[in-house]
Amino acid sequence: MHLLPCACGKSIPVEVSQAGDRVTCECGAQVEVPPLRQLRELPVQEDAAAPVTRPKSDWAVHQGVLTAGMLIALTLAGIGLWRWAHEPPMPKGFDAEATGQRVDNFVDQMTPGQAYGQWVTSYSQSRGLEVMQSDQEEALIAYIGHLRQLRWALLTGAAVVAVLSVLLYLQLKPRKQRS
Numbered sequence: 001m002h003l004l005p006c007a008c009g010k011s012i013p014v015e016v017s018q019a020g021d022r023v024t025c026e027c028g029a030q031v032e033v034p035p036l037r038q039l040r041e042l043p044v045q046e047d048a049a050a051p052v053t054r055p056k057s058d059w060a061v062h063q064g065v066l067t068a069g070m071l072i073a074l075t076l077a078g079i080g081l082w083r084w085a086h087e088p089p090m091p092k093g094f095d096a097e098a099t100g101q102r103v104d105n106f107v108d109q110m111t112p113g114q115a116y117g118q119w120v121t122s123y124s125q126s127r128g129l130e131v132m133q134s135d136q137e138e139a140l141i142a143y144i145g146h147l148r149q150l151r152w153a154l155l156t157g158a159a160v161v162a163v164l165s166v167l168l169y170l171q172l173k174p175r176k177q178r179s
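Here the sequence shown is numbered in the UniProt record's numbering, starting from 1 and rising by one per residue.
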């Protein structure tokens, strides 16, 4: 920043980007900022002349890698554990009463020819008896299987990311020189 003198005797700090503009002094006077060539001839504000230095961070790259990896691993593990905690229960085993009710309703709607065809299909030697399960139960079991695969993939991914983060941390960590 350069110091622009005012008629009142005070100096107004101005930046290079203000060259050619008007600025207002504390006394209220409007002062014309000179063009860029003349602005360079003005005195420079002392604290602005010193180079701006950022305080050196205590963090190094290896610490950032470890922290980022652990945050990712914790996120993956958290999602996996949340999915495990909110998994729907597996359907109960075979319920003879409910199955009997379903079969009775199904048989009541069949014609004699359809009933005979169903009997031949169900009891043929090549096929045998089927497990009596509703479509909803089959869909729920498949969904739970998918959730379990996803959960284990998330937890495995979390473990892999954690191990890789530690290995990268150890690899990037500066070694002490032996003397």
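No residue lacks a Cβ here, since even glycine has one placed at the ideal position from N, Cα and C. Source: prediction; values computed, not measured.
For the 8 Å CB-CB criterion, Glu-87 and Leu-140 do not form a contact. Burial is judged here by how many other beta carbons sit within 10 angstroms of a residue's own beta carbon; Val-14 has at least 16 and is buried. With a contact defined as Cβ atoms closer than 8 Å, Glu-32 and Arg-40 miss out at about 16 Å.
Closest in alpha carbon position to Pro-35, among Pro-174, Val-16 and Ala-29, is Val-16.
When DSSP states are grouped into helix, strand and coil, Pro-112 belongs to the helix group. Remark: C-beta atoms of Gly-20 and Ser-165 do not approach each other more closely than 8 Å. Within the same chain, Cβ atoms closer than 8 Å to the Cβ of Lys-10 are found at Cys-25, Glu-26 and Cys-27, the five residues on either side in sequence being excluded. Proximity to Gln-171 across Asp-95, Arg-102, Arg-37 and Gln-63 peaks at Gln-63, based on C-alpha coordinates. With a beta-carbon spacing of about 19 Å, Ala-60 and Ala-162 fall beyond the 8 Å limit used to define contacts.
Going by beta carbons, Gly-80 and Arg-151 fall inside the 8 Å limit.
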